[in-house]
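Residue numbers (my numbering): 12 to 125. Glycine included, C-beta positions come from ideal geometry on N, C-alpha and C. Contents: one structure, followed by commentary.
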Amino acid sequence: MKVIMIPSVSGGLGHIGRTAALARQLQRFVASIQIEYLLDTEKLRPFNIDAAAATGYRVNLLPPRNRGERDSIVRACLGSADIVIEDTCRHLIALRPIVPNSTWISVPMYPLED
12 MKVIMIPSVS
22 GGLGHIGRTA
32 ALARQLQRFV
42 ASIQIEYLLD
52 TEKLRPFNID
62 AAAATGYRVN
72 LLPPRNRGER
82 DSIVRACLGS
92 ADIVIEDTCR
102 HLIALRPIVP
112 NSTWISVPMY
122 PLED
C-alpha cells in the first residue's frame, strides 16, 4: 500500500511534524506500507524541503500547474497512491477527481481563537 502525505508547506513545520507522527503510527500497524511526501511548490517555503527530508521518507515536489497541464501533472505525482493524506491544503481538494482510484483523506485545521 502506498500513502502520499501532502502537508501544508506555506507556514511553519507543524504540518510536517503531524504527518510524520501519523506516518510512524501507520507503519507500526502496517509494516509493508510505503510512505512518501509530496510538497506543493506553488506555496512552498524552502526550509520545509529539509524538514520533510529529515523525516526519513522520500520527498517529491508537486510542480506549478496551469489548466492545460494540471491533470497530467497530478496523475504523474499521485496516480500510484492508494491513499492521499492532505493536511490543510484545501486548495488541493479540487484535484481529487483527477485520481479517482486513490482514497483521499483531508486533515482539517480548525479555527484558532484567543
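Rounded Cβ spacing between residue i and residue j (contact assumed at less than 8 Å)
i, j, result
"D51", "L73", "5 Å"
Beta strand (DSSP E) segment containing residue i, residue limits
i, result
"V91", "Contrary to the premise, residue 91 reads as Ser rather than Val in this sequence. Counting along the chain, S91 falls outside any beta strand (DSSP E), and DSSP gives it neither H nor E."
"V118", "T114 to V118"
Cross-strand partners of residue i (DSSP beta bridge)
i, result
"V110", "BP columns for V110 are empty, so no partner."
"V85", "Bridge partners of V85: none, in fact."
*Please list the segments of the alpha helix (DSSP H) lying wholly inside the segment 55 to 81, counting only runs of 4 or more residues, in order along the chain.*
58 to 64
*3-residue-minimum beta strand (DSSP E) runs that sit fully inside the segment 16 to 56, ordered along the chain*: 45 to 51
*Using 8 Å as the threshold, is the segment 89 to 104 in touch with the segment 58 to 65, meaning 3 or more CB pairs across them?*
no
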